[in-house]
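Taken in sequence, the protein lines are chains P and Y. One point on numbering: in our numbering, the residue at position 24 of the first sequence is 24, and numbering is uninterrupted. Each position in the second sequence, counted from 1, maps to that position plus 79 in our numbering.
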Amino acid sequence: MTNLEKYNDIFMKMFNVPEEELESLAYKGTAEWNSMAQIALVSEIEEAFDLDFDTEDIFELKSYAIGKEMLAGKFGVSF
Amino acid sequence: MFDLRRFKDNIACITPSGEHLPYGGLQELSESIRSRLEPHRLVFCLCGNTIESLAGYVSFVDNDDATLMLDSHMEPAAFRTLFDTYRPRYVWAPEAFAVPDGAESVLAENGYVLWEFAANDTPVNENLSVLLTTSGSTGSPKLVRLSKMNLESNARSIAEYLHITSDERPVTGLPMYYSFGLSVVNSHLLMGATLLLTPASYIEREFWQFANDNGFTSFSGVPYTYEIMKKLKLWKLPMPTLRTLTQAGGKLSNELLQFFIEKYEPQGVKFYLMYGQTEATARMSYLDPAYGVTKLGSIGKGIPGGTLSLVDDEGRVIEEADNVGELVYEGPNVSLGYAECAADLMKGDENRGVLHTGDLAYRDEDGFYFIAGRKKRFLKLFGNRVSLDYVEHLLKDRLKECACVGDDSRLIVYTTDTDHNDEEIIDFLVRRTKIVRTVFSIRHIDRLPRSETGKILYKALSVD
C-alpha cells in the first residue's frame, strides 16, 4: 500500500465515506468527526506512519487536507 | 436554590466572546424567563455550555419546574422518543433545534427559544426538580429523578470538601446535562464563583487559550479526559492559575493517576479523585489529596453528610477490612428513584436516602474504599458509559436475536439474524450512541449460547 492509500484508508474506515469525499472532511464538519473521533484518528495515523504527534500537531489536525500537508511537510511523509 | 441576589456584583460566567455576566444580570435574565413559566411543569432543557443554557436551568429550578437536561446536539430520533414518552410543557432550545409540531414560541433570548406545548399537561411530583439520563449519550428514556434537596445538599457538600469560594474559576470541560458537569455548575453557583463557559472541547487549542486568558483555577474530567490529556501532552501547556484537578465518572488507572499527581503536584495543583453516580445526584466519595499517593486508586471516604458501607450477597453489612461486597451509600443526595414513563414523574421518594450502587468494593483497615468491579453489564467506550443491555434493546427492532459483549475498547454484536445489512446496523449504532464507528463489529453465529433457563451466557461469547 502506498502512503496515500494508507492515509486515505484511515479516513474512509473511520468515517465510512468514499474516496471522492475525503477532501471535504473536517473536524466538526460531519457529525461523526467529533472530539472522540479526533483522538481515534490521531492514534491511527500515529500508528500507521510510526509518528508521535505533539500537542500543537493534534490541535492543528482539523481536516483531511491539513493532515496530509502536515505529514508531508513536518514529518516528511512522501505522498 | 440559587441566591443570585446575594452575589449580584460577582461575575457568574465568562464566555469566549468576552461576555462577563454578573450574578445580578443572570438574575434579570432568569426573571424574564420565569415570567413565561408556570411552576410544576415538565421542561426539556437542551444544553450546551452557554449563558442561555445556564440561565434556563437556573430559572426552571428556581421556578419549581421539573427539568430534563439534554444535549442540544442530541439525535432527533432520541429526542422524539423522550418527547413522546414524557410530553413536556416547555422546551428550551437553540433556535436551530427542530421541535415537534404544536409549539408556540413564548420567548426568544439570544439565539434560544422557549417553546410552549399547551396541549402537554404531564403532572409532576411537587418535589421533582431535575431529571438526568442514566446512560450518557445513548439516549435511553430511563431517567434519574432528583429533588431540589438532592441538588442543594450535594452541591454544598462538594463546595465544602473542595473548599470552593467565590474566587474559584472552573472551566467547563464537561457538559451540564451530565451529572458531574452539573455538579460543577451547582457547587460553584452556590458559592458565588465564576464559571468559564465554553462550548469548545478540551482537545481544542481555543479551550485552553480561553481558560488561561481568564485565569481558570480548576478543571474536571472523567477517566477518558485524563487519558486524552496525557496523549495530547497537555501537561506541557503552562497553566499558571490552575489549583485543582478533579476526576470522577469511572476508574482512572493507577498508572495515569500517579502520572498526573507527579506532573501537577509540584506546581501546587491538587488532584481530587472522586466517586459518584447520577443516582446520587453526582458525588458520594472523594479522596483527600493528602492521601493521593499512599492510598493510590482509592475512592476515599464518604463526602460530608454521606456514609458508605458494604453488604454481601445476602444483604448483610460487611464489617471486616478487605472483604469485597456491594457498595451502599446513604445521604441526602440519593435520588428519588427512576422514571421510565410519564406516570413515574408523579412518584415520590422511593430510595429513601439509600443507594445500592451496583459497584463492588472493599475497604482497607484505615477505612478507605477501593472499587473492585461492576455488578452490571456496562462498558466505558471513549468515556461514555454504555449499557450492553440497552444496546441490545435498541437493536431489537432491527435484529431478530442478538447479544452484545465487549470491553472498554470495543463492542461486539453477536447475531443469528441473516436478514440484515451489517453496515446499516453499524450506521444505526453510531447515530444512536454517537460513538466512533471503529469500536463496533458484528459477528454472525448459528445459535446464541444459552443456559437451561434460556438466559444468554455472555461469558461464552468471545470479546477477542
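Ideal Cβ positions, reconstructed from N, Cα and C, are used throughout, including at glycine. All of these numbers come straight from a predicted model, not from anything done at the bench.
Contact with chain Y by residue i, beta-carbon distance below 8 Å
i              : result
I39 of chain P : yes
I66 of chain P : no
S63 of chain P : no
T55 of chain P : yes
E32 of chain P : yes
I58 of chain P : yes
M36 of chain P : yes
Any chain P beta carbon closer than 8 Å to residue i
i               : result
V605 of chain Y : Chain Y is shown from 80 up to 543; residue 605 of chain Y falls before or after that span and cannot be answered.
K309 of chain Y : no
K312 of chain Y : yes
K534 of chain Y : no
L316 of chain Y : yes
T217 of chain Y : Low per-residue confidence applies at T217 of chain Y: pLDDT is 49, beneath 50, and the placement is therefore not dependable, though the value from the model is reported in the following sentence. No, its Cβ sits nowhere closer than 8 Å to a Cβ of chain P.
Minimum C-alpha distance to residue i - residue among the options
i               : options                        : result
E43 of chain Y  : Y:A91, Y:L121, Y:R120, Y:P95   : Outside the shown range of chain Y, which is 80 to 543, sits residue 43 of chain Y, and nothing can be said about it.
A134 of chain Y : Y:N265, Y:D501, Y:D246         : Y:N265
E358 of chain Y : Y:V223, Y:L540, Y:E154         : Y:V223
L311 of chain Y : P:E46, P:F79, P:K68            : P:E46
E154 of chain Y : Y:L508, Y:G410, Y:S541, Y:N402 : Y:L508
Y493 of chain Y : Y:V372, Y:L527, Y:K315         : Y:L527
P302 of chain Y : Y:E174, Y:K330, Y:D144, Y:E334 : Y:K330
G328 of chain Y : Y:V140, Y:M318, Y:V465, Y:V542 : Y:V465
F447 of chain Y : Y:D401, Y:E419, Y:S414, Y:L458 : Y:D401
A197 of chain Y : Y:P179, Y:L389, Y:A157         : Y:P179
E429 of chain Y : Y:S414, Y:A422, Y:D438, Y:D445 : Y:S414
G103 of chain Y : Y:P95, Y:D200, Y:G190, Y:T273  : Y:T273
I524 of chain Y : Y:R511, Y:D506, Y:T497, Y:V518 : Y:T497
P202 of chain Y : Y:Y343, Y:T213, Y:N333, Y:A421 : Y:A421
L51 of chain P  : P:F75, P:M12, P:T2, P:I39      : P:F75
Y370 of chain Y : Y:Q337, Y:K315, Y:G355, Y:E399 : Y:Q337
Nonlocal neighbours in the same chain, by C-beta distance under 6 Å from residue i, ignoring five residues either side
i               : result
L268 of chain Y : F81
S216 of chain Y : Since pLDDT at S216 of chain Y reaches only 44, below the 50 mark, its modelled position is unreliable, and the value read off the structure follows with that caveat. Cβ within range, chain order: N463, K513.
L186 of chain Y : R115, L193
L71 of chain P  : V77
L467 of chain Y : R456, C483
N142 of chain Y : R113, L116, P118
V263 of chain Y : P249, S299
L352 of chain Y : Q326, L366
G404 of chain Y : L389, V390, D391, I397
T323 of chain Y : S297, K349
Proximal residues to residue i (C-beta, below 8 Å), its chain only, five neighbours per side dropped
i               : result
E23 of chain P  : Y64, A65
S530 of chain Y : L536
G294 of chain Y : R248, T320
F449 of chain Y : G376, S377, I378, A440, Y441, R442, D443
R211 of chain Y : With the sequence shown as reference, residue 211 of chain Y is identified as Leu, and Arg is not the correct amino acid for it. L147, M148, L222, V223, L225, Y256, Y257, S258, L261, T357.
S151 of chain Y : L125, C126, G127, S132, A172, P173, F176
E205 of chain Y : H119, D143
Residues bridged to residue i (per DSSP)
i               : result
V390 of chain Y : Y:V396, Y:E405
I491 of chain Y : Y:V484, Y:S520
R453 of chain Y : Y:D438
A172 of chain Y : Y:V192
S364 of chain Y : Y:Y354, Y:G381
C126 of chain Y : Y:D150
R464 of chain Y : Y:K459
H99 of chain Y  : Y:I93
G416 of chain Y : Y:R224
F298 of chain Y : Y:V250, Y:L324
Y548 of chain Y : A query on residue 548 of chain Y cannot be resolved here, the shown segment of chain Y reaching from 80 to 543 and no further.
A123 of chain P : Absent from the structure is residue 123 of chain P, since the part of chain P shown begins at 1 and ends at 79.
A187 of chain Y : Y:V192
V209 of chain Y : Y:T146, Y:L225
I535 of chain Y : Y:R529
V17 of chain P  : In the DSSP output, where bridge partners are listed per residue, V17 of chain P has none listed.
V433 of chain Y : Y:E409
Contacting residues, own chain, Cβ-Cβ under 7 Å from residue i (five flanking each side not counted)
i               : result
A48 of chain P  : K6, I10
F15 of chain P  : L25, T30, E32, W33
V80 of chain P  : The requested residue 80 of chain P is not part of the displayed model; chain P covers only 1 to 79.
F286 of chain Y : T277, A279, S280
G384 of chain Y : S232, S236, G410, P411
A290 of chain Y : V250, L275
Y305 of chain Y : Q326, L331, L335, F339
- [ ] Taking only beta carbons into account, state which residues of the segment 268–284 of chain Y come closer than 9 Å to chain P, listed in chain order.
- [x] Taking a C-beta cut-off of 9 Å against chain P, the contacting residues of the segment 268–284 of chain Y are S280, Y281, I282, E283, R284, listed in chain order.
TODO: Output, in sequence order along the chain, the residues in the segment 6–27 of chain P whose CB is closer than 9 Å to any CB in chain Y.
DONE: Near chain Y, meaning a CB-to-CB distance below 9 Å, the residues of the segment 6–27 of chain P are K13, M14, F15, N16, Y27.
TODO: Quick one: which residues of the segment 502–520 of chain Y get their C-beta closer than 9 Å to a C-beta of chain P? List them in chain order.
DONE: Per Cβ criterion, the list reads E502, I505, D506, V509, R510, K513, I514, V515, R516, T517, V518.
Task: the segment 459–471 of chain Y: positions lying closer than 7 Å to chain P by Cβ - done: For the segment 459–471 of chain Y, the beta-carbon criterion of a distance under 7 Å to any beta-carbon of chain P is satisfied by F461.
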